[in-house]
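Here is the structure we will look at.
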Amino acid sequence: MTDETQTRFPTEFERLTARKYVIEVTEGPDAGKRLETHARVVRIGTSPDCELELDDTTVSRFHARIEVDPLGHRLLDEGSKNGTFVHEMRVQDIYLRPGATLRIGDNVLRYQPGAEQVEITLAKSNRFGKLIGESSAMREIFAILARVAPSDLTVLVEGESGTGKELVADALHAHSRRASGPVVVFDCSAVAQNLIESELFGHVKGAFTGATQSRAGAFERAQGGTLFLDEIGELPLDLQPKLLRALEQREVRPVGADRPVKVDVRIVAATNRNLQKEVEGGTFRQDLYYRLAVLRVVLPPLRRRTEDIPLLVSHFLADLTPAGQKPVQVAYETIVKLRHHKWPGNVRELRNFVERAAMLATDNRLETRYLLPPSFGDTQSGASDDAPASVPVPVTSGDFPPWPGLEEDLPFKDAKARLIDVFERAYWTRLLERTHGNVSAAARIAGIHRKSAEYLLKKLELRDEEG
Numbered sequence: 000m001t002d003e004t005q006t007r008f009p010t011e012f013e014r015l016t017a018r019k020y021v022i023e024v025t026e027g028p029d030a031g032k033r034l035e036t037h038a039r040v041v042r043i044g045t046s047p048d049c050e051l052e053l054d055d056t057t058v059s060r061f062h063a064r065i066e067v068d069p070l071g072h073r074l075l076d077e078g079s080k081n082g083t084f085v086h087e088m089r090v091q092d093i094y095l096r097p098g099a100t101l102r103i104g105d106n107v108l109r110y111q112p113g114a115e116q117v118e119i120t121l122a123k124s125n126r127f128g129k130l131i132g133e134s135s136a137m138r139e140i141f142a143i144l145a146r147v148a149p150s151d152l153t154v155l156v157e158g159e160s161g162t163g164k165e166l167v168a169d170a171l172h173a174h175s176r177r178a179s180g181p182v183v184v185f186d187c188s189a190v191a192q193n194l195i196e197s198e199l200f201g202h203v204k205g206a207f208t209g210a211t212q213s214r215a216g217a218f219e220r221a222q223g224g225t226l227f228l229d230e231i232g233e234l235p236l237d238l239q240p241k242l243l244r245a246l247e248q249r250e251v252r253p254v255g256a257d258r259p260v261k262v263d264v265r266i267v268a269a270t271n272r273n274l275q276k277e278v279e280g281g282t283f284r285q286d287l288y289y290r291l292a293v294l295r296v297v298l299p300p301l302r303r304r305t306e307d308i309p310l311l312v313s314h315f316l317a318d319l320t321p322a323g324q325k326p327v328q329v330a331y332e333t334i335v336k337l338r339h340h341k342w343p344g345n346v347r348e349l350r351n352f353v354e355r356a357a358m359l360a361t362d363n364r365l366e367t368r369y370l371l372p373p374s375f376g377d378t379q380s381g382a383s384d385d386a387p388a389s390v391p392v393p394v395t396s397g398d399f400p401p402w403p404g405l406e407e408d409l410p411f412k413d414a415k416a417r418l419i420d421v422f423e424r425a426y427w428t429r430l431l432e433r434t435h436g437n438v439s440a441a442a443r444i445a446g447i448h449r450k451s452a453e454y455l456l457k458k459l460e461l462r463d464e465e466g
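Written out as C-alpha cells, the structure is:
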C-alpha cells in the first residue's frame with residue numbers, strides 16, 4: 000500500500016503506543032491464573048466484571064487496575080480494604096517495572112511486558128457532544144464514537160446508572176448523517192409489560208380494547224433518525240424475538256396489522272446490566288445480544304475516572320451560574336475530597352451535588368458537607384435508632400392504609416398496571432408542579448433522560464404534542 004492510499008486519522012486524534020503484557024498469579028489461592036493482554040485498562044478483583052477475576056476472600060470486588068498512559072503501565076489501587084503492594088510496599092499509584100511483584104490479598108502476581116506493541120487511539124478533545132472527560136478512558140471512547148458516528152452501526156452502551164449512556168446516543172445522532180432526523184427514546188423499564196409491543200411497534204385501530212385509533216410505534220416515529228432503546232436489559236424474554244426480527248429485517252408489524260412496515264432507523268441500545276452475564280443466565284437471548292452489540296461501549300463509573308472531576312465541576316458551575324454573576328469558587332482541598340468520594344450515582348450524583356452545594360454555598364465557596372442532601376423538619380418519623388434493621392413480622396390488611404387505585408377484584412396483572420398508572424400520574428403531576436412545568440428539571444430530579452420524561456408525560460396525557 001502506498002503512502003497516498005493509507006488510511007490516516009484526522010488531526011483531532013492522537014496515538015498512544017503500548018506494549019502487550021502478562022500478569023500471572025504465581026502464589027496464593029489463584030495460583031496459575033494468567034492474563035495476556037493489550038487492553039488499555041485491566042481491572043483486578045473478585046467481581047465477575049474484572050478482566051482478571053480472583054477467588055480470594057481477602058481481595059475486594061474491584062481491588063486494583065492497570066491502565067496504559069503515555070509513560071507506561073500504571074497500577075492504581077481502587078480503594079481496596081486490604082491494600083495493594085509492590086515489592087512489599089503498599090502503593091496507591093505506581094508505574095510498573097518489568098518483573099514487578101504484586102501482592103493483592105493472599106495472591107502474589109508477577110507483571111512482565113512483552114515485545115509486541117499496539118496502538119491505542121485517543122481523541123485530543125475532552126468533549127464529544129455533551130460527554131465530558133479528559134481521562135484516557137473517556138478520550139478513548141470519544142475517539143471510537145467519533146469514528147462510528149457517521150455510520151449506521153448499531154451500538155450497545157453499557158454502564159452504571161448516571162454514567163451518561165443517554166448522552167452517547169445523543170452524541171452519535173448529532174454527529175451522524177441522520178442528525179436532521181428525529182431521536183426517539185424508548186425506555187423498556189418505563190412501559191407496562193403488556194403495552195411494550197404496542198408502544199414499540201405500533202397498533203392499528205381496533206387491535207385491542209381501547210385502541211380507538213391507529214398509532215405509530217417507536218420504530219415508525221424514529222423513521223430516518225435514531226431509536227434509543229434505553230434499559231434494553233429489562234425487555235421481557237418473550238418480546239426479544241420480535242425485536243430481533245425487526246432489527247434483522249428492518250421492518251415492524253404493528254399489533255393487529257396484516258402487513259409489515261419498512262423502517263429506516265439507526266439503533267442505539269443501553270443498559271446498566273452486564274448483558275453477557277444475562278445471556279449466560281438465560282434472561283437475554285444470545286442472538287439478540289450479538290445483533291445489538293455490533294459495537295459495545297462500556298462507560299466507566301466516575302470513581303474510576305476521578306481525574307475528570309475538576310473539569311466536570313467547572314462545567315457544571317459554569318452551566319448553573321447566571322450570566323453576569325460571579326461563579327462559586329472551588330478550593331483544592333474540596334477537589335481532593337470529591338475525588339475520594341465513591342460516587343455511587345456517578346456523574347448524575349456529581350451534578351446534583353454541585354447544584355445543591357452552589358445554591359447553599361456560604362462565602363461563595365463550594366463545600367463538601369453538602370455531598371448528602373440536607374434534611375429539614377422531623378427526620379426521625381417516629382423511628383428509633385435502636386430498632387433492629389430488619390425483623391419480619393406478620394401483617395394483615397389492617398396494617399395498610401387505603402391505597403388509591405388498588406382494586407383487589409381485578410386480576411393481579413391488571414390491578415398492578417392500574418396501580419402503577421395511578422402512581423405515575425401522581426408522581427409526575429407533583430413533580431411538574433414542583434418544577435413549575437420545567438420538564439428538564441423534572442427529568443433531572445427523577446433521574447431519567449428528558450426524552451423518556453417527555454414520552455411518559457405524553458403517555459399519561461400530562462403533555463400534548465406541542466408541550
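Numbering that gives the first Met the number 0 puts the first residue of the sequence shown at 0, with every later residue one more than the last. Every residue gets a Cβ at the ideal spot worked out from N, C-alpha and C, and that includes glycine.
Here H172 carries a helix assignment [DSSP, helix/strand/coil]. Taking a C-beta distance under 9 Å as the contact criterion, G82 and L310 do not qualify as a contact pair.
By the neighbour-count criterion, in which a residue is buried when 16 or more other Cβ atoms sit within 10 angstroms of its Cβ, M137 is buried. Secondary structure at N437: coil, using DSSP grouped into helix, strand and coil. Pairing T225 with V190 gives a Cβ-Cβ distance that is not under 9 Å.
Between the alpha carbons of R265 and D257 lies a gap of roughly 25 Å. The three-state secondary structure of H448, taken from DSSP, is coil. Taking a C-beta distance under 9 Å as the contact criterion, T270 and K129 do not qualify as a contact pair. Along the segment 141-188, the beta strand (DSSP E) occurs as fully enclosed runs of 3 or more residues at 154-157 and 182-186, listed in sequence order.
Following the DSSP letters along the chain, one finds N106 inside the beta strand (DSSP E) bounded by residues N106 to A122. Inside the segment 238-324, DSSP marks whole beta strand (DSSP E) runs of 3 or more residues at positions 265-270 and 294-297, from first to last along the chain. Taking 9 Å as the cut-off, the Cβ atoms of I195 and L238 count as close. Linking R295 to Y288 through their CA atoms gives a straight-line distance of about 10 Å. Selection R64, R443 and K80 evaluated against R73 yields R64 as nearest (Cα-Cα). Distance from the Cα of E50 is smallest, within the candidate group R304, G436, V21 and V312, for V21. Counted as a single uninterrupted DSSP element, the beta strand (DSSP E) harbouring K19 occupies residues F12 to E26. Taking 9 Å as the cut-off, the Cβ atoms of G446 and P300 do not count as close. For V67, the closest C-alpha among the options E453, V40 and F61 is that of V40. In chain order, S213, P253, G255 and A256 place their CB closer than 6 Å to the CB of V203, counting only its own chain and leaving out the 5 sequence neighbours on each side. The C-beta of A317 has fewer than 16 other C-beta atoms within 10 Å across all chains shown, which makes the residue exposed. Beta-bridge partners assigned by DSSP to E35: V21.
About 12 Å separates the beta carbons of F127 and A168, which is beyond the 8 Å limit, so they are not a contact pair.
Taking all protein chains shown into account, Y331 has fewer than 16 neighbouring C-beta atoms within 10 Å of its C-beta and is therefore exposed.
T305 and I334 have their C-alpha atoms spaced approximately 10 Å apart. L274 sits away from A245, with the two beta carbons spaced by 9 Å or more.
Check the Cα spacing between T282 and each of V312, R364 and G232: the tightest is with G232.
For H339, the uninterrupted alpha helix (DSSP H) run begins and ends at Y331 to H339, by DSSP. Distance from the Cα of A356 is smallest, within the candidate group P343, L319 and W342, for L319.
Spanning the alpha carbons of Q91 and A441 requires a straight line of approximately 40 Å.
Non-local C-beta neighbours of R14 in its own chain, meaning closer than 8 Å and more than five positions away in sequence, comprise F8, E118, I119, T120 and L121, ordered along the chain. Taking one beta carbon from each stretch, the segment 141-151 and the segment 86-106 have fewer than 3 pairs nearer than 8 Å; the two do not touch. Per the C-alpha coordinates, the member of D229, G216 and L236 positioned closest to V262 is G216.
With contacts defined by Cβ atoms closer than 9 Å, G180 and V251 do not form a contacting pair. Excluding five sequence positions before and after V312, the CB atoms of its chain that fall closer than 8 Å to its own CB belong to V329, I334, L337, L349, V353 and L365, given in chain order. Y94 is bridged by DSSP to R73. Apart from the 5 residues on each side of it in sequence, E26 sits with its Cβ closer than 8 Å to the Cβ of N106 and V107 in its chain, given in chain order.
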